[in-house]
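Structure first, commentary second.
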Amino acid sequence: MSDSKSSHALEITDCEQNRLKNLYRKFTTRDGWLGDYDYAFLFTPAIWPFNRKFKHYDQPYFGINDDIPILLAVILGLQHCLTLICSLVAVPLLMGDALYFDAQQTQHLVSCTLITAGVATFAQITRFHIYKTPYYVGTGLLSVVGPTFDIVGIAYSYSSIRYSKGTCPIASDGTNLPCPDAFGAFLGSMLCTVWIQVLLAFVPPRILKRIFPSMVTGTLLLLLAVYLSGNGMKNWGGGSNCLQYGGGCSTGSHNFEWGSRPYIGLGFSTFISIVIINLVGSPIMKSSSIILGLIIGCIISAACGYWDASGIHAAPAADFLWTKNYTYSVDGSLILALLLMFIVEGISCIPDILATAEASHEKTSGVEFQSRIQGGIMCDALGSLLASVGGGIPMVSQAANNGVILLTGCASRKAGWVAAVLLILMGIFSKISATFAALPLPVFGGMQVFLFGTIGVAGIKILSTVPWTRRNRFILSCGLGWGFAGTVVSSWFDKILAYSGSNQSLAGFLEGIDLIVETPFIFGAIIVCFLNLIIPDGSKDRNDDAGEV
Numbered sequence: 000m001s002d003s004k005s006s007h008a009l010e011i012t013d014c015e016q017n018r019l020k021n022l023y024r025k026f027t028t029r030d031g032w033l034g035d036y037d038y039a040f041l042f043t044p045a046i047w048p049f050n051r052k053f054k055h056y057d058q059p060y061f062g063i064n065d066d067i068p069i070l071l072a073v074i075l076g077l078q079h080c081l082t083l084i085c086s087l088v089a090v091p092l093l094m095g096d097a098l099y100f101d102a103q104q105t106q107h108l109v110s111c112t113l114i115t116a117g118v119a120t121f122a123q124i125t126r127f128h129i130y131k132t133p134y135y136v137g138t139g140l141l142s143v144v145g146p147t148f149d150i151v152g153i154a155y156s157y158s159s160i161r162y163s164k165g166t167c168p169i170a171s172d173g174t175n176l177p178c179p180d181a182f183g184a185f186l187g188s189m190l191c192t193v194w195i196q197v198l199l200a201f202v203p204p205r206i207l208k209r210i211f212p213s214m215v216t217g218t219l220l221l222l223l224a225v226y227l228s229g230n231g232m233k234n235w236g237g238g239s240n241c242l243q244y245g246g247g248c249s250t251g252s253h254n255f256e257w258g259s260r261p262y263i264g265l266g267f268s269t270f271i272s273i274v275i276i277n278l279v280g281s282p283i284m285k286s287s288s289i290i291l292g293l294i295i296g297c298i299i300s301a302a303c304g305y306w307d308a309s310g311i312h313a314a315p316a317a318d319f320l321w322t323k324n325y326t327y328s329v330d331g332s333l334i335l336a337l338l339l340m341f342i343v344e345g346i347s348c349i350p351d352i353l354a355t356a357e358a359s360h361e362k363t364s365g366v367e368f369q370s371r372i373q374g375g376i377m378c379d380a381l382g383s384l385l386a387s388v389g390g391g392i393p394m395v396s397q398a399a400n401n402g403v404i405l406l407t408g409c410a411s412r413k414a415g416w417v418a419a420v421l422l423i424l425m426g427i428f429s430k431i432s433a434t435f436a437a438l439p440l441p442v443f444g445g446m447q448v449f450l451f452g453t454i455g456v457a458g459i460k461i462l463s464t465v466p467w468t469r470r471n472r473f474i475l476s477c478g479l480g481w482g483f484a485g486t487v488v489s490s491w492f493d494k495i496l497a498y499s500g501s502n503q504s505l506a507g508f509l510e511g512i513d514l515i516v517e518t519p520f521i522f523g524a525i526i527v528c529f530l531n532l533i534i535p536d537g538s539k540d541r542n543d544d545a546g547e548v
């Protein structure tokens, strides 16, 4: 018995010695730092004559557990980070806009979101086994986690209700002031509702897909894109506050009316830069076209005096979770909307994990893949839980970085770990988040319009997988019809459940229904889900495209 124990100890010692030798070789040799990868491929523009060498280039492929050179891991980790950064910071910036946060409050929200996203991404990629259970936390793939855009629509609707009822501060001239108490209500309500997503992690994916099919997630994404595009255009023209209350839109040293030519041109500089980069850029530039377009817009706006750097100078050198206090509360009007949001997040991450597994050449069916889905849903839920207690935004798995995997042929988790660490560092060094918070709104709006367009395309792509039977067309017509109508005329439901009594519980319940109905992408998705459950499948129905239009 003692001999077996000693031999086992020797095996462990040998394993540790080999690991140390490999680590030493990794950091002390040219092969460990550079390898034999052709780095010029990543930076060569896709125009003649520069791309002649790589016209028939057969790039190497690195699997999820393959070893890659340190330089390649850093470059591709930065690439994954840059590919995600615009969508990562857009959500807290929009959340701050909905609640009229000042520069310091918005900077802290961006920092918390980046840190939470980095921690959740690291856990998602690493994949931890839950002790003495068959369950996991994380996918074990190069899956990235970021804030969900679904919370933004709820925030705008909730903010509108609170300001209209006078529970958020309003200045004497009628402009809305920052409302941190509303964000505290979000955090407290999230802390109560995120557990539904934890429970979903233990439900077999086939059951989830049966209750919430592609019609639901596709409808939600398409309506969300339409809903948010209006907010993007408001920022493109100079900002929502000056559009709503009139007067000039102050941006840096300039003060023009909303929709003036300088603001429209400034946002257009960002938008057209994204288009040009996608036309002629190198592979690494194309996958980072949104952040590069934003940088070009920032350079132009800074040269023309549209920046206000006071928030950057006032920001602390470092920031972290829990450095600002919010008054936590639970608002009954948010509970229903957040429950539905977390349920949808648990479903919507499944196709993202599938896409990442396909791009990584991993199995997309069977027990192992089902385990990855379970771990992915659980990691998203725990990321949202961390955001709830740390002052961040709910998290969800994203597939935006799959283009980087396909373009570079690298699915190695080492690149993902580098990206996660970079996100955490960007959140800690708050001057970076303060820079995002100080973005001129027209520049930000130009990027938003393109970004929300990509969300709409994702919804259309999901809907394209739906069999176009008469039943499904009818269901989608109902859901999209209500969703589009609610987006165009958001106040149509204001007087239906108007209540002026003293019953606070009833008032909160009615406000919750009002919030759901006036958040069109959630209301549309509910209609699709409900009709899909009650209308018979009609599997014998033909896909008669020549029928109804």
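Read in order, the letters of the sequence shown correspond to residues 0 to 548 in numbering that gives the first Met the number 0.
Glycine included, C-beta positions come from ideal geometry on N, C-alpha and C.
Name the one or two DSSP bridge partners that residue i has.
{"i": "residue 80", "result": "Looking at the DSSP assignment, residue 80 forms no beta bridge with any residue, so it has no partner."}
{"i": "residue 143", "result": "397"}
{"i": "residue 171", "result": "Looking at the DSSP assignment, residue 171 forms no beta bridge with any residue, so it has no partner."}
{"i": "residue 38", "result": "In DSSP, residue 38 forms no bridge with anything."}
{"i": "residue 325", "result": "DSSP lists no partner for residue 325."}
{"i": "residue 135", "result": "128"}
{"i": "residue 344", "result": "In DSSP, residue 344 forms no bridge with anything."}
Can you give the Cα-Cα distance for residue i and residue j, rounded to whole angstroms?
{"i": "residue 32", "j": "residue 23", "result": "11 Å"}
{"i": "residue 88", "j": "residue 535", "result": "43 Å"}
{"i": "residue 445", "j": "residue 264", "result": "9 Å"}
{"i": "residue 547", "j": "residue 277", "result": "Any reading at residue 547 is ruled out, since the residue's pLDDT is 49, under 50, leaving its predicted position unreliable."}
{"i": "residue 410", "j": "residue 398", "result": "13 Å"}
{"i": "residue 291", "j": "residue 513", "result": "40 Å"}
{"i": "residue 18", "j": "residue 354", "result": "32 Å"}
{"i": "residue 379", "j": "residue 202", "result": "15 Å"}
{"i": "residue 510", "j": "residue 331", "result": "8 Å"}
{"i": "residue 16", "j": "residue 267", "result": "57 Å"}
{"i": "residue 101", "j": "residue 319", "result": "18 Å"}
{"i": "residue 20", "j": "residue 386", "result": "39 Å"}
{"i": "residue 117", "j": "residue 519", "result": "31 Å"}
{"i": "residue 127", "j": "residue 308", "result": "42 Å"}
{"i": "residue 468", "j": "residue 443", "result": "40 Å"}
{"i": "residue 260", "j": "residue 441", "result": "11 Å"}
{"i": "residue 493", "j": "residue 154", "result": "17 Å"}
{"i": "residue 120", "j": "residue 382", "result": "9 Å"}
{"i": "residue 85", "j": "residue 93", "result": "12 Å"}
{"i": "residue 306", "j": "residue 270", "result": "18 Å"}
{"i": "residue 370", "j": "residue 303", "result": "53 Å"}
{"i": "residue 169", "j": "residue 257", "result": "21 Å"}
{"i": "residue 233", "j": "residue 239", "result": "5 Å"}
{"i": "residue 314", "j": "residue 416", "result": "28 Å"}
Do residue i and residue j have their C-beta atoms within less than 8 Å of each other?
{"i": "residue 145", "j": "residue 122", "result": "no"}
{"i": "residue 141", "j": "residue 124", "result": "yes"}
{"i": "residue 43", "j": "residue 281", "result": "yes"}
{"i": "residue 83", "j": "residue 400", "result": "yes"}
{"i": "residue 375", "j": "residue 359", "result": "no"}
{"i": "residue 412", "j": "residue 64", "result": "yes"}
{"i": "residue 237", "j": "residue 248", "result": "yes"}
{"i": "residue 133", "j": "residue 108", "result": "no"}
{"i": "residue 394", "j": "residue 200", "result": "no"}
{"i": "residue 61", "j": "residue 408", "result": "yes"}
{"i": "residue 414", "j": "residue 183", "result": "no"}
{"i": "residue 177", "j": "residue 99", "result": "yes"}
{"i": "residue 167", "j": "residue 390", "result": "no"}
{"i": "residue 356", "j": "residue 521", "result": "no"}
Measuring alpha carbon to alpha carbon, tell me which residue in the options is nearest residue i.
{"i": "residue 419", "options": "66, 28, 79, 74", "result": "79"}
{"i": "residue 499", "options": "221, 164, 515, 66", "result": "164"}
{"i": "residue 251", "options": "294, 283, 310", "result": "310"}
{"i": "residue 523", "options": "484, 496, 532", "result": "484"}
{"i": "residue 97", "options": "131, 148, 120", "result": "148"}
{"i": "residue 388", "options": "243, 326, 521", "result": "326"}
{"i": "residue 38", "options": "69, 28, 25", "result": "69"}
{"i": "residue 274", "options": "362, 171, 452, 373", "result": "452"}
{"i": "residue 351", "options": "162, 254, 454, 106", "result": "454"}
{"i": "residue 221", "options": "81, 508, 301, 450", "result": "450"}
{"i": "residue 472", "options": "224, 527, 255", "result": "527"}
Compute the minimum distance between the beta carbon of residue i and the heavy atoms of the ligand PLP, and state whether it is under 7 Å.
{"i": "residue 250", "result": "Among the ligands in the structure shown, none appear at all, so the ligand PLP cannot be discussed."}
Checklist line | the stretch 428 to 436 in contact with the stretch 483 to 495 per 3-pair CB rule at 8 Å | finding: No contact exists between the stretch 428 to 436 and the stretch 483 to 495.
Check: How about the stretch 335 to 351 and the stretch 203 to 221: do they share at least three Cβ pairs that are nearer than 8 Å?
Finding: Contact check between the stretch 335 to 351 and the stretch 203 to 221: three or more CB pairs, one atom from each, fall below 8 Å, which counts as touching.
Notebook entry, point to check: Can you find at least 3 beta carbon pairs, one from the stretch 193 to 212 and one from the stretch 326 to 344, that sit closer than 8 Å?
Noted result: With three or more CB-CB distances shorter than 8 Å, the stretch 193 to 212 counts as touching the stretch 326 to 344.
Note to self: With three or more C-beta pairs closer than 8 Å as the rule, is the stretch 451 to 467 touching the stretch 193 to 200?
What the structure shows: Note that the stretch 193 to 200 does not touch the stretch 451 to 467; fewer than 3 beta-carbon pairs, one per stretch, sit closer than 8 Å.
Checklist line | the stretch 464 to 480 contacting the stretch 289 to 303, beta-carbon criterion three pairs below 8 Å | finding: Contact fails: fewer than three Cβ-Cβ distances are below 8 Å.
Check: Does the count of Cβ pairs from the stretch 183 to 191 and the stretch 320 to 334 closer than 8 Å reach three?
Finding: Flag = yes, the stretch 183 to 191 and the stretch 320 to 334 touch.
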